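So for the sequence shown, my numbering puts the first residue at 291; every next one is plus one.
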Amino acid sequence: MCGIIGIIGSSPVASRLIDGLKRLEYRGYDSAGIATVHQGVMDRRRARGKLVNLQKTVEQQPLEGLVGIGHTRWATHGAPTESNAHPHMTDKVALVHNGIIENYRDLKQELIAKGAVFTSDTDTEAVVRLLSDYLDQGYSPQKAMMATVHRLEGAFSLAVIFAGENQLMMGARRGSPLVFGYGNGDGEMYLGSDALALAPLTRRICYLQEGDVVVLEREHAQVFGADDKPIVRPIVETAVSGALIGKGDFRHFMLKEIYEQPSVMGDTLASYYNPARQSVMLPNLPFDLAKVTKVTLIACGTSFYACMVAKYWLETIARISVEIDVASEFRYREAPLPEGGLAIFISQSGETADTLAALRYCKEQRQHLLAITNVPESSIERESHAVLQIHAGPEIGVASTKAFTCQLTVLACFTLAMAKARGAIDARRESELAMHLAEAPSRMAEVLNHDARIKDLAHHVMEARDVLYLGRGTAYPIALEGALKLKEISYIHAEGYAAGEMKHGPISLIDENVPIVIVAPSDSLFEKTTSNLQEVVARGGKVILLSDATGIAHIGDQVQTAIELPKIDPFVAPILYAIPVQLLAYHVAVLKGTDVDQPRNLAKSVTVE
Numbered sequence: 291m292c293g294i295i296g297i298i299g300s301s302p303v304a305s306r307l308i309d310g311l312k313r314l315e316y317r318g319y320d321s322a323g324i325a326t327v328h329q330g331v332m333d334r335r336r337a338r339g340k341l342v343n344l345q346k347t348v349e350q351q352p353l354e355g356l357v358g359i360g361h362t363r364w365a366t367h368g369a370p371t372e373s374n375a376h377p378h379m380t381d382k383v384a385l386v387h388n389g390i391i392e393n394y395r396d397l398k399q400e401l402i403a404k405g406a407v408f409t410s411d412t413d414t415e416a417v418v419r420l421l422s423d424y425l426d427q428g429y430s431p432q433k434a435m436m437a438t439v440h441r442l443e444g445a446f447s448l449a450v451i452f453a454g455e456n457q458l459m460m461g462a463r464r465g466s467p468l469v470f471g472y473g474n475g476d477g478e479m480y481l482g483s484d485a486l487a488l489a490p491l492t493r494r495i496c497y498l499q500e501g502d503v504v505v506l507e508r509e510h511a512q513v514f515g516a517d518d519k520p521i522v523r524p525i526v527e528t529a530v531s532g533a534l535i536g537k538g539d540f541r542h543f544m545l546k547e548i549y550e551q552p553s554v555m556g557d558t559l560a561s562y563y564n565p566a567r568q569s570v571m572l573p574n575l576p577f578d579l580a581k582v583t584k585v586t587l588i589a590c591g592t593s594f595y596a597c598m599v600a601k602y603w604l605e606t607i608a609r610i611s612v613e614i615d616v617a618s619e620f621r622y623r624e625a626p627l628p629e630g631g632l633a634i635f636i637s638q639s640g641e642t643a644d645t646l647a648a649l650r651y652c653k654e655q656r657q658h659l660l661a662i663t664n665v666p667e668s669s670i671e672r673e674s675h676a677v678l679q680i681h682a683g684p685e686i687g688v689a690s691t692k693a694f695t696c697q698l699t700v701l702a703c704f705t706l707a708m709a710k711a712r713g714a715i716d717a718r719r720e721s722e723l724a725m726h727l728a729e730a731p732s733r734m735a736e737v738l739n740h741d742a743r744i745k746d747l748a749h750h751v752m753e754a755r756d757v758l759y760l761g762r763g764t765a766y767p768i769a770l771e772g773a774l775k776l777k778e779i780s781y782i783h784a785e786g787y788a789a790g791e792m793k794h795g796p797i798s799l800i801d802e803n804v805p806i807v808i809v810a811p812s813d814s815l816f817e818k819t820t821s822n823l824q825e826v827v828a829r830g831g832k833v834i835l836l837s838d839a840t841g842i843a844h845i846g847d848q849v850q851t852a853i854e855l856p857k858i859d860p861f862v863a864p865i866l867y868a869i870p871v872q873l874l875a876y877h878v879a880v881l882k883g884t885d886v887d888q889p890r891n892l893a894k895s896v897t898v899e
């Protein structure tokens with residue numbers, strides 16, 4: 291959600307600010323803007339809609355200046371209009387903001403009473419006018435920034451430039467990520483909402499912590515902690531490369547990322563699977579898996595469906611009690627958590643606000659905390675006791691694909707490690723399951739061979755108003771994920787159900803105009819799924835069956851279309867069956883002409899609750 295880029299440059303920065311915002315398009319946005327200081331005078335350009343609109347505005351009305359900030363806005367307070375777009379400005383300061391200021395109404399009333407005139411509907415404008423008020427009182431920029439931050443309630447990251455200051459920029463962070471980077475001896479400094487924003491500019495970055503304020507000048511940075519005292523934050527060498535985010539020969543990032551899955555799953559397995567021993571090897575954890583009394587899995591969206599699969603795995607293979615919950619609901623029921631419990635938090639970005647809040651609740655309950663993320667040094671990683679990286683590489687498409695299957699891969703490895711530690715499986719069974727997991731990347735490549743067939747199938751789905759997805763066992767979360775993908779990018783209403791629940795309501799929706807996608811590997815639950823399939827067919831439902839050769843031979847003649855997937859062990863089936871539902875959603879969306887990589891109203895990194 292929203293993106294921030296700031297540059298103190300040795301040459302004019304406007305074009306590089308726009309390039310930085312392009313790297314942040316994956317976060318989701320509906321307006322954008324930049325502001326610079328040139329010879330002490332501030333100026334800005336803003337536009338609603340896509341960055342191409344801002345770029346045209348800047349080409350028509352160029353901006354000079356060696357220091358500047360930029361922003362992509364995902365609307366929260368106020369419609370996505372140019373007047374609500376960032377940066378917000380007064381005659382003294384320009385500011386961009388990620389997050390939500392919870393007390394902005396009180397601040398706004400206070401400032402209006404002092405004579406301030408507001409021109410937008412945003413919570414952000416209260417911040418820029420409060421900062422200006424302190425400057426009017428004679429505060430230095432640094433003191434005004436600190437005083438402002440102390441007045442704010444909520445989650446935010448800020449980037450600020452000042453009139454009359456040609457080489458000064460400040461940032462602040464509370465609850466929303468912000469990083470700064472060092473130039474290469476060229477007199478430059480950078481500020482961004484994540485490492486990807488700074489990737490082509492520098493690899494030497496520093497992650498701000500909760501309550502930090504950073505004062506950036508040429509080749510110099512000073513960080514102040516929440517107590518306003520100077521503090522040293524470590525400089526790290528980021529492995530993120532700007533070269534990783536191109537589409538290559540693919541039409542969309544989403545399709546590229548679907549096709550990257552065999553490769554990135556292999557990269558992920560390489561971190562946790564020892565082929566010589568045919569065994570899973572996790573990094574040293576600061577807690578004993580054998581002594582864990584209960585596992586709590588917490589996530590949002592697609593990551594929550596990975597939790598659902600992991601619950602099946604951990605309970606059936608590791609024989610441990612597992613609770614799962616969506617992060618946005620978890621802490622409100624004040625769940626009692628047993629001593630010695632393990633809470634696992636799954637987030638592609640590592641910055642998901644609801645998941646981070648749930649983590650802090652579990653920390654108060656003295657749980658062991660394990661993060662599964664795709665972004666090193668993210669907030670969730672830093673606040674956990676241990677982390678398992680998924681190694682999917684930058685995922686730009688808003689609808690998650692490769693991150694999901696890599697999450698499943700890590701959770702599968704964790705399941706085997708937990709089962710071994712608890713004595714629930716012996717070495718032979720561990721080796722057997724680990725080998726099935728190791729074979730999955732090559733089997734994923736086989737599934738991608740069905741792309742053209744699925745593309746043809748998409749023509750039959752694109753006209754539907756409603757689509758149902760059904761599955762049992764670990765196929766049930768894949769049905770939910772398939773429905774979510776279709777909703778996200780094609781805007782067709784879709785629902786996923788446990789197949790056994792059809793008779794409890796959803797069966798009333800079935801007619802010849804509702805496609806039904808049934809996820810049914812030939813596992814121990816296949817016969818029960820078959821019974822549900824026959825109920826659908828008997829009522830005129832047009833079934834798209836995803837199964838293997840055994841399953842299709844058994845019932846394929848009763849369905850409209852069957853896609854044959856490789857015959858694999860049920861343990862790894864959900865990883866492979868995720869691919870055809872991704873491809874189906876993608877091709878339907880392309881046929882409907884929607885914005886596949888940046889679907890309306892969605893954001894990649896959800897950093898507000």
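Glycine residues also receive a C-beta, built at the ideal position from the N, C-alpha and C atoms.
Note that the structure is a prediction, hence the values are computed from the model and not measured.
| Query | Result |
| --- | --- |
| Option nearest A325 by Cα separation, candidates L344, R313, E315, Y319 | L344 |
| Assigned exposure category for V862 - 16 Cβ within 10 Å defines buried | buried |
| Chain-order list of residues whose beta-carbon lies under 8 angstroms from that of I525 (same chain, five-residue window excluded) | Y472, R494, I495, C496 |
| Beta-ladder partner(s) of E507, from DSSP | H510 |
| Cβ-Cβ distance between H249 and A748 below 9 angstroms | Limits of the chain in this structure are 291 at one end and 899 at the other, which puts residue 249 out of reach. |
| Which of helix, strand or coil DSSP assigns to L835 | strand |
| Inter-residue spacing [alpha-carbon to alpha-carbon] between R563 and E613 | This sequence places Tyr at residue 563; Arg is not what is there. Going from the Cα of Y563 to the Cα of E613 covers about 26 angstroms. |
| Cβ-based neighbour list, G532, same chain, cut-off 6 angstroms, excluding 5 preceding and 5 following | Caution applies to G532, whose pLDDT of 48 falls short of 50 and renders its modelled position unreliable; the value that the coordinates give is listed next. So the list reads A489, P490, once near-sequence residues are dropped. |
| Buried or exposed by the 16-neighbour rule on C-beta atoms within 10 Å, applied to M266 | Because the chain here runs from 291 to 899, residue 266 falls outside it and cannot be looked at. |
| Per DSSP, cross-strand counterpart(s) of N388 | S447 |
| Close Cβ partners of T764 (< 6 angstroms) along its chain, the five nearest in sequence each way excluded | V599, Y602, P864 |
| A533, DSSP secondary structure in three states | Unreliable placement is indicated for A533, whose pLDDT of 44 sits below 50; no coordinate value is reported for it. |
| Cβ-Cβ distance between L836 and L738 below 9 angstroms | no |
| Close-in-space but distant-in-sequence residues of the same chain around N891 (CB under 7 angstroms, 5 per side omitted) | none |
| Residue span of the beta strand (DSSP E) that contains T663, given as start and end | 658-663 |
| Residues sharing a beta bridge with P805, DSSP | K832 |
| Status (buried if at least 16 other CB within 10 Å, exposed otherwise) for P552 | buried |
| Limits of the unbroken beta strand (DSSP E) element including E753 | Note, E753: premise wrong, no beta strand (DSSP E); not H, not E. |
| Cβ pair A617, A647 closer than 9 angstroms | yes |
| Distance between beta carbons of L632 and H658, contact taken as under 8 angstroms | 5 angstroms |
| Alpha carbon of K775 to alpha carbon of I548, nearest angstrom | 12 angstroms |
| Nearest neighbour of P431, chosen from I451, A445, T412 [CA to CA] | I451 |
| Beta strand (DSSP E) segment containing H783, residue limits | 783-788 |
| Inter-residue CB distance, F635 and A596 (contact presumed, cutoff 8 angstroms) | With a Cβ gap of about 12 angstroms, F635 and A596 do not count as contacting. |
| Candidates F620, G299, E443, L420: closest to K433 by CA position | L420 |
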